[in-house]
Amino acid sequence: MPIQVACVLVHIEADGDQPTPASREALGEGRRIASTSGATLYAMIAVAGSGGDPRRPTRAETLPPYAAQAAAGATHAALVEAVGAGGADKIVFVNVDGDTRPALWATVGPALAAACQHLRPVLVLLPASAGSDDIGARLAARLGAAYVHQPVIEQGPRGEVVLSRPVYGGGWRRRLSLDDPDRAVVVALAPGRRPARGSDEAEVLLLDVRAERDPRVSLVDATAAEGAPLARARVIVTGGGGVTAASWPLLVELAAALGGEVGATRALCQRGVAPAAREIGVGAQRVAPHLYVVCGASGSAAHLGAVSAEAEIVAIDRDADAPILKRASYGVVGRIEDVVPRMLAALRPGAPS
Ligand SMILES: Cc1cc2nc3c(=O)[nH]c(=O)nc-3n(C[C@H](O)[C@H](O)[C@H](O)COP(=O)(O)OP(=O)(O)OC[C@H]3O[C@@H](n4cnc5c(N)ncnc54)[C@H](O)[C@@H]3O)c2cc1C
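So the sequence shown is numbered by the working numbering: it starts at 29 and just counts up by one.
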């Protein structure tokens, strides 16, 4: 008999009056799981507000009357519409004292924990964002739940949800089944999920609790992002330890010619050639491009473990025995300095095809 998942909760990060693209993907994943397991899909949104009445406990009876819920829905009408269209059955707003961005445990964690204590979800899905690990690990600890970072999500033989991910450098897979309705699981999703289409008729709830952000943490500065977020890029040109300060501009040019973004391995970032914000790997960012061009990177598990299995890999390496050439769909044995200029010439408008 399939294990009953009564409630799936998705944390929605909003950008103005719209969910972020990663939140739409998380909603899509939540919709698919909720539909196959017969669960209700809740979307929780932390909004900057004054906080609720501090004397009120976090209990079901504290839900304010319909008028307050309707007011919350009207204030955030565009967001409600988008989240409903993305697949949510119910949308839960939680007021937070202070700003909700960037989404970190210090800003939205208490609101998310309050929503979980109230709704008791079996599965909590966090969108693929910079703060999802920070939120997910702490939320799981608070709830006594399991935490799984960027798993593959499948259906098991009994209809149960099965989460699996590579461990120990990619040589093993750890599997976790959602077969205990009393044991919640918090999941930080990998980028590259499909959004879904909902009914546009989500019910709006307002959870009237006092969710204070951690006063010890304040936003001091934000680094200007160079290029678009890697998690969303469909084409990435990545440089590794074989790239030099002189050849890096060739990769930047190739990425622009392909309409993509540049990435880098740790070896290149540590030498200061590529910015740290561009590092791809299990200790950095995960990516899910369609096309992944790798120049001068050997193909370590720590790097490739963060590249989606669906990516088409084109590798350029001067060493014919480099492991990356075994993983690549297309491999070129040669020096970056020779191969990339020829690729650029071939990509120029008017070049013979
Ligand atoms: C806990 C932990 C976490 C880690 N996390 C990450 C992570 O998140 N991301 C990450 O990248 N690494 C990470 N690492 C490091 C990782 O293990 C590797 O050391 C790193 O990925 C190697 O980078 P590379 O392949 O670019 O360099 P190398 O292994 O040095 O490979 C360089 C390649 O370039 C080729 N080459 C050299 N010159 C040229 C040229 N002129 N033209 C063509 N080819 C050339 C060489 O033949 C070689 O194949 C982590 C390590 C640990 C221990």
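We put the beta carbon where it would ideally sit given N, CA and C, even for glycine. Model, not experiment: these values are computed from the prediction.
Assign T266 to one of three DSSP states: helix, strand, or coil. strand
Check whether the Cβ atoms of P130 and A158 lie closer than 8 Å to each other. yes
Is it buried or exposed, T266, if we count other Cβ atoms within 10 angstroms and call 16 or more buried? buried
For ligand 1, is there a heavy atom less than 7 Å away from the beta-carbon of D45? no
Quick one: is A256 buried, meaning 16 or more other Cβ sit within 10 Å of its Cβ, or exposed? exposed
What is the DSSP secondary structure of R87, reduced to helix, strand or coil? In this prediction, R87 scores a pLDDT of 39, lower than 50, which makes its location untrustworthy; the coordinate-derived value is nonetheless stated afterwards. Coil at R87, not helix or strand.
Is G309 near ligand 1, going by C-beta to nearest heavy atom under 7 Å? yes
Is H331 near ligand 1 - that is, is its Cβ less than 7 Å away from at least one heavy atom of it? yes
Complete beta strand (DSSP E) runs within the segment 212-262 (minimum length 3 residues, chain order): 213-216 and 231-240
Any idea which residues DSSP pairs A60 with across the strands? For the sequence presented, residue 60 should be read as Arg rather than Ala. For R60, which the question treats as bridged, DSSP gives no partner whatsoever.
Span of the beta strand (DSSP E), counted from its first residue to its last, around T293: Run containing T293: none; DSSP gives neither H nor E here.
Spatial neighbours of T293 within its chain, please: C-beta separation below 8 Å, excluding the five flanking residues on both sides. T266, G267, G268, G269, E307, I308, G309, A325, S328 and H331
Mind checking which residues open and close the beta strand (DSSP E) that includes A343? E340 to D345
Can L296 be considered in contact with ligand 1, in the sense that its beta carbon sits closer than 7 Å to one or more heavy atoms? yes
Classify T272 as helix, strand or coil using the three-state DSSP reduction. coil
Starting from H39, follow the beta strand (DSSP E) in both directions and report where the run begins and ends. C35 to I40
Let me know the beta strand (DSSP E) ranges lying completely inside the segment 174-204, each 3 residues or longer, listed in chain order. 174-177, 180-183 and 189-195
Nearest-angstrom Cβ-Cβ length linking M371 and L282, presumed shorter than 8 Å: 6 Å
For L154 and P82, the rounded distance between their alpha carbons: Legend: pLDDT at P82 = 37, less than 50; position of this residue unreliable, no value from coordinates given.
Which residues mark the beginning and the end of the beta strand (DSSP E) in which I364 is found? Not the beta strand (DSSP E): I364 falls in the alpha helix (DSSP H), residues I364 to L375.
Can the beta-carbon of L353 be found less than 8 Å from the beta-carbon of G359? yes
Nearer than 7 Å: is that true of the beta carbon of E289 relative to any heavy atom of ligand 1? no
Quick one: does the C-beta of I364 sit closer than 7 Å to a heavy atom of ligand 1? yes
Do R260 and P49 have their beta-carbon atoms positioned less than 8 Å apart in this structure? yes
Any heavy atom of ligand 1 within a distance shorter than 7 Å of the CB on G359? no
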